[in-house]
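Q: Residue numbers (the numbering used here), protein chains in the order written: chain A, 940 to 1053; chain B, 2 to 113.
Built from N, CA and C at the ideal position, the CB exists for glycine as well.
Values in this document were obtained by computation on a predicted structure and should not be read as measured data.
First the structure, which I've put down as structure tokens, then a few questions once you've had a look.
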Amino acid sequence: DAGVIQSPRHEVTEMGQEVTLRCKPISGHDYLFWYRQTMMRGLELLIYFNNNVPIDDSGMPEDRFSAKMPNASFSTLKIQPSEPRDSAVYFCASSRDRLNTEAFFGQGTRLTVV
Amino acid sequence: AQSVTQLGSHVSVSEGALVLLRCNYSSSVPPYLFWYVQYPNQGLQLLLKYTTGATLVKGINGFEAEFKKSETSFHLTKPSAHMSDAAEYFCVVTIQGGKLIFGQGTELSVKP
């Protein structure tokens, strides 16, 4: 398996624009997580899915953020409208379960909102 | 609730020296503990994990960690640092049915 695949690797957008980040988890993994990493706040869990169903979105900062998982092999994180404070690295991770097994991370999407 | 504290946001060692990255956790029930490593411009990669059983856990790249319940610690060590160990290291705690709680991270620098 190629691992967790995220696209794009880098995104630069203007304030107010819509941004969509994409993730393909490892086949057979039932859990998918979206994290945000910033210098100030470290690594934050935004939302996670189990079998394509959102389980906990309490980490989603605002209504401007939304995430979907239409099928087991694809998820999106959308920011609309984007703001400069959304600039961060966004990671997607997947695992077979939440605990004893390893969470595999993608390489991240570095988002810059100007 | 669970929490994790990594002592020292930045640690610098010389090549060949002992690496010691400190992690203390708080949990009201038996925790599961992990160390992840993040190389520059990369995602996180699991180094090692403790769930149950032997308290000394060995991981990849020569790293190991010991779960000490009495001290609520899970420090990461490596006997001899290599230049390629330079990265950011995250201690993580969770419990049955819980979410992964990440520490703030410790950046390890290795001097030649």
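If you measure from the beta carbon of L49 (chain B) to each beta carbon in chain E, is any gap under 7 Å?
A: No chain E appears in this structure, whose protein chains are A and B.
Q: Buried or exposed for E953 (chain A), please, with buried defined as at least 16 other CB atoms from any protein chain shown within 10 angstroms of its CB.
A: It counts as exposed.
Q: In whole angstroms, give me the CA-to-CA distance for A941 (chain A) and R1035 (chain A).
A: About 16 Å.
Q: Would DSSP call K100 (chain B) helix, strand or coil?
A: If DSSP states are grouped into helix, strand and coil, K100 (chain B) belongs with coil.
Q: Does chain A have any CB closer than 7 Å to the CB of K59 (chain B)?
A: By this cut-off, K59 (chain B) is not an interface position.
Q: Could you give the distance in angstroms between the alpha-carbon of Q39 (chain B) and the alpha-carbon of S4 (chain B)?
A: So the alpha carbons of these two residues sit roughly 20 Å apart.
Q: Would you list, in chain order, the members of the region 968-982 of chain A that have their beta-carbon closer than 7 Å to a beta-carbon of chain B?
A: Result list: G981, L982.
Q: Following the continuous beta strand (DSSP E) through K69 (chain B), name the residue where it begins and the one where it ends.
A: Here the beta strand (DSSP E) through K69 (chain B) covers 65-69.
Q: Taking C-alpha atoms, which residue in B:L34, B:S10, B:A2 lies nearest to K70 (chain B)?
A: Comparing Cα positions, the closest option is B:L34.
Q: Please list the segments of the beta strand (DSSP E) lying wholly inside the region 16-75 of chain B, counting only runs of 3 or more residues, in order along the chain.
A: For the region 16-75 of chain B, whole beta strand (DSSP E) runs of length 3 or above, ordered along the chain, are 20-27, 33-39, 45-51, 57-59, 65-69.
Q: Between the region 946-959 of chain A and chain B, which residues of the former have a C-beta closer than 7 Å to a C-beta of the latter?
A: Under the 7 Å Cβ criterion, the region 946-959 of chain A contributes no residue.
Q: For L77 (chain B), would you say it is in contact with chain A, using Cβ-to-Cβ distances shorter than 7 Å as the test?
A: No, its Cβ sits nowhere closer than 7 Å to a Cβ of chain A.
Q: Take F1004 (chain A) and list the residues in its own chain whose beta-carbon comes closer than 6 Å to its own, dropping the five residues that flank it on each side.
A: If we look at F1004 (chain A) and ignore the five residues flanking it on each side, its Cβ neighbours are I1018.
Q: Contact criterion: CB-CB distance below 7 Å. Does L984 (chain A) meet it with respect to chain B?
A: It does: the Cβ of L984 (chain A) has a partner Cβ on chain B nearer than 7 Å.
Q: Can you look up R980 (chain A) in the DSSP assignment and give me helix, strand or coil?
A: Reduced to three states, the DSSP call for R980 (chain A) is coil.
Q: If the criterion is Cβ atoms closer than 7 Å, does the pair T107 (chain B) and L22 (chain B) meet it?
A: The answer is yes: Cβ separation under 7 Å.
Q: Note down, in chain order, every chain A residue with its Cβ under 7 Å from the Cβ of Q3 (chain B).
A: Those within 7 Å of Q3 (chain B) in chain A number zero; the least Cβ separation is about 13 Å.
Q: State yes or no: is the C-beta of G63 (chain B) within less than 7 Å of the C-beta of L49 (chain B)?
A: Result no, Cβ atoms of G63 (chain B) and L49 (chain B) do not sit closer than 7 Å.
Q: Any idea if R948 (chain A) is buried or exposed, counting beta-carbon neighbours within 10 angstroms, 16 or more meaning buried?
A: So R948 (chain A) counts as exposed.
Q: Would you call the region 961-972 of chain A in contact with the region 1007-1016 of chain A, where contact means no fewer than 3 C-beta pairs closer than 8 Å?
A: A contact exists between the region 961-972 of chain A and the region 1007-1016 of chain A.
Q: Tell me whether L57 (chain B) is buried or exposed, calling it buried when 16 or more other Cβ atoms sit within 10 Å of its Cβ.
A: Burial call: exposed.
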